[in-house]
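Working notes, structure below.
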Amino acid sequence: MRELYQRLQSLFVLGELTEQRANLFFITVEKDRLRPLITHLRDREGLRHLVLLTAVDWLEEGQFQLTYLLCDRLTRRDLGLRVMLDRANPVMESIHDLWPTAATYQRELREMFGIDFPGSPRLDEEFILEGWNTTPPYRRDFDTLEYARSQYAERAGRETRDPETHMRAQLYPESN
Amino acid sequence: MKPELEKRIVRTPDGQEFEVDPLRDYYCEAAPTVMPAAYGKIVEDLFNWARSQSLWILGFGTGCGAIEMRPLMTPRFDAYRYGVQWRPTPRQANLFIISGYLSTKTLKRAIRSYEQMQNPKYVVGLGSCTINGGMYWDSYNTIKCLDQYLPVDLYITGCMPRPEALLQGFEDLKKLIRAGKCEGANKYSENFDWYKANQKQVIHDWDMPDYNW
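In order, the protein sequence lines correspond to chains A and B. Just so we're aligned: 713 in the numbering used here is position 54 of the first sequence, and the numbers increase by one with no gaps anywhere. Just so we're aligned: 37 in the numbering used here is position 44 of the second sequence, and the numbers increase by one with no gaps anywhere.
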């Protein structure tokens, strides 16, 4: 993994490196520099499998973090690429032409986080939700509990009493 | 509105053209009506006894509870000895078991299936998710109170109920049917507007007819 990182460093401008395990590294890259790097990793370095593409909402920093996790099955190593996006205008280049499965991840991210991937197939179709009309539900400023309370009817819970006061009122009504 | 529900001109192989309005031509526009008991008490009691012996379940699993129904079909629990069996289509079934959590997306399909079932029909809510939301009490897409959307005759508690609890539930449902207390379909017809208003409040893209008979 180390020599891979050093080789990449001589070719690309890389950001911060996180060594999670001996065979799992994460590298932060700039938004515009992801595509040449990920193409190189797929075609030259044997990281051919896109394990997942997911997002993290860093609400306080005003950023979305995209994680592209790549895997090399032969040498059993994983490499994650992190891309930080501006939360106010989350647009990212689509990689559906490199891995067709990425289109599915991108549809999900579009629906659940509201991250746009221009050019990705069937992006504007509904993926899981139907008729969703408010903030995308996986964004952290979406209040799930408040939404569930306002949207779905609730059944009143059981009545609970403090045993001590209840029994005192039952047994010794004159003491109150 | 879905494209297949819009009015369109259809051309036959012979070259004829005619207009198809799916909402009018393929669906019944009339809302369901209340079906009062047709005969006297003795005959109705006999009918109810007969109905209670034939519980045919719609094979529609909505949540994890569907897994608990599978053992009932196998020799170990063998629900068939109680006159309970599973059917593949709503037209052949008279018992709809909502087996666990119901997301709004599945609720839409559940409503369509329920309305296509023929009278007399019964609904059983299975598991705590159908009663008060259970572990999905704060979910953004799961309903919490099933009887707001469909008329429920019986709830079976548990998360999930064991197959034995389901068998007990069938026996309790039979008692209710024999007592003439399972009037869910009539309740649905009587309060049709209330049920529809509740359903449309949670299903935001209502792209089907109001009544899918």
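The beta-carbon is built from N, C-alpha and C at its ideal position, and this holds for glycine as well.
Give a yes or no on whether the minimum CB-CB distance between residue i and chain A is below 8 angstroms.
i, result
"Ser132(B)", "yes"
"Gln9(B)", "no"
"Ile35(B)", "no"
"Asp198(B)", "yes"
"Lys98(B)", "yes"
"Asn112(B)", "no"
Residue i versus chain A: which residues are under 7 angstroms apart at the beta carbon?
i, result
"Val13(B)", "Chain A residues near Val13(B): none, gap ~25 angstroms exceeds 7 angstroms."
"Val195(B)", "Gln810 and Tyr811"
Does DSSP put residue i in a helix, in a strand, or in coil?
i, result
"Ala762(A)", "helix"
"Leu119(B)", "strand"
"Glu10(B)", "strand"
"Ser779(A)", "coil"
"Asp203(B)", "coil"
"Thr793(A)", "coil"
"Val36(B)", "helix"
"Gln46(B)", "coil"
"Thr26(B)", "coil"
"Thr67(B)", "coil"
"Arg817(A)", "coil"
"Val672(A)", "coil"
"Ile60(B)", "helix"
"Leu788(A)", "coil"
"Leu51(B)", "strand"
"Arg661(A)", "helix"
Check whether the Cβ of residue i lies closer than 8 angstroms to any Cβ atom in chain B.
i, result
"Glu767(A)", "no"
"Glu752(A)", "no"
"Arg817(A)", "no"
"Asn792(A)", "yes"
"Leu788(A)", "yes"
"Ala854(A)", "Nothing can be reported for residue 854(A), as the shown portion of chain A is limited to 660 through 835."
"Ala807(A)", "yes"
Just reading off the beta strand (DSSP E) that residue i is part of, what are its end residues?
i, result
"Gly177(B)", "No beta strand (DSSP E) holds Gly177(B); the alpha helix (DSSP H) holding it covers Gly177 to Glu183."
"Arg102(B)", "No beta strand (DSSP E) contains Arg102(B), which is instead part of the alpha helix (DSSP H) from Thr97 to Gln109."
"His708(A)", "His708 to Trp717"
"Arg741(A)", "Arg736 to Asp745"
"Tyr75(B)", "Segment: none, Tyr75(B) is in no beta strand (DSSP E) and carries neither H nor E."
"Thr677(A)", "Leu676 to Arg680"
"Asn827(A)", "The residue asked about is misnamed: residue 827(A) is Arg in this sequence, not Asn. No beta strand (DSSP E) holds Arg827(A); the alpha helix (DSSP H) holding it covers Pro822 to Leu830."
"Val750(A)", "Careful: Val750(A) lies outside any beta strand (DSSP E) and carries neither H nor E."
"Arg4(B)", "Arg1 to Arg4"
Go to residue i, then tell me how far its alpha helix (DSSP H) extends in each direction, as first and last residue.
i, result
"Ser809(A)", "Thr803 to Gln810"
"Leu696(A)", "Leu693 to Asp702"
"Glu164(B)", "Pro156 to Arg171"
"Ile149(B)", "Taken as a continuous stretch (DSSP letters only), Ile149(B) belongs to no alpha helix (DSSP H), being part of the beta strand (DSSP E) at Leu147 to Ile149."
"Ile90(B)", "It is not in any alpha helix (DSSP H) - Ile90(B) instead sits in the beta strand (DSSP E) that spans Leu88 to Ser92."
"Ile686(A)", "Counting along the chain, Ile686(A) falls outside any alpha helix (DSSP H), though it belongs to the beta strand (DSSP E) covering Leu683 to Val688."
"Tyr727(A)", "Premise fails: Tyr727(A) lies in the beta strand (DSSP E), Gln722 to Asp731, not in any alpha helix (DSSP H)."
"Arg17(B)", "Pro15 to Asp18"
For a contact defined as C-beta to C-beta under 8 angstroms, what are the partners of residue i on chain A?
i, result
"Gln141(B)", "Ala812"
"Cys138(B)", "Tyr811, Ala812, Glu813 and Arg814"
"Asn125(B)", "Glu813, Arg814 and Gly816"
Check the Cβ of residue i against every Cβ in chain B and list those closer than 8 angstroms, keeping chain order.
i, result
"Pro795(A)", "Chain B residues near Pro795(A): none, gap ~10 angstroms exceeds 8 angstroms."
"Leu718(A)", "Per Cβ cutoff of 8 angstroms: no residues; Leu718(A) is ~17 angstroms from chain B at best."
"Leu804(A)", "Asp131"
So residue i contacts chain B; which residues on that side make the cut at Cβ distance below 7 angstroms?
i, result
"Ala714(A)", "Those within 7 angstroms of Ala714(A) in chain B number zero; the least Cβ separation is about 17 angstroms."
If you measure from the CB of residue i, is any heavy atom of the ligand GTP nearer than 7 angstroms?
i, result
"Pro15(B)", "Ligands in the displayed structure: none, and consequently the ligand GTP is not present."
Contact the segment 71 to 91 of chain B vs the segment 33 to 51 of chain B: 3+ CB pairs below 8 angstroms: yes
field: contact_flag[the segment 160 to 173 of chain B, the segment 67 to 84 of chain B] where n(CB pairs < 8 angstroms) is 3 or more
entry: yes
message: Would you call the segment 671 to 691 of chain A in contact with the segment 762 to 780 of chain A, where contact means no fewer than 3 C-beta pairs closer than 8 angstroms?
response: no
query: Looking at C-beta atoms only, is the number of pairs between the segment 92 to 103 of chain B and the segment 189 to 203 of chain B that lie closer than 8 angstroms three or more?
result: yes
task: Kindly confirm or deny that the segment 134 to 153 of chain B and the segment 808 to 821 of chain A touch, where touching means at least three C-beta pairs closer than 8 angstroms.
output: yes
message: With three or more C-beta pairs closer than 8 angstroms as the rule, is the segment 138 to 149 of chain B touching the segment 170 to 177 of chain B?
response: yes
- request: Evaluate contact between the segment 699 to 708 of chain A and the segment 726 to 738 of chain A, counting only Cβ atoms and requiring at least three cross-stretch pairs below 8 angstroms.
  value: yes
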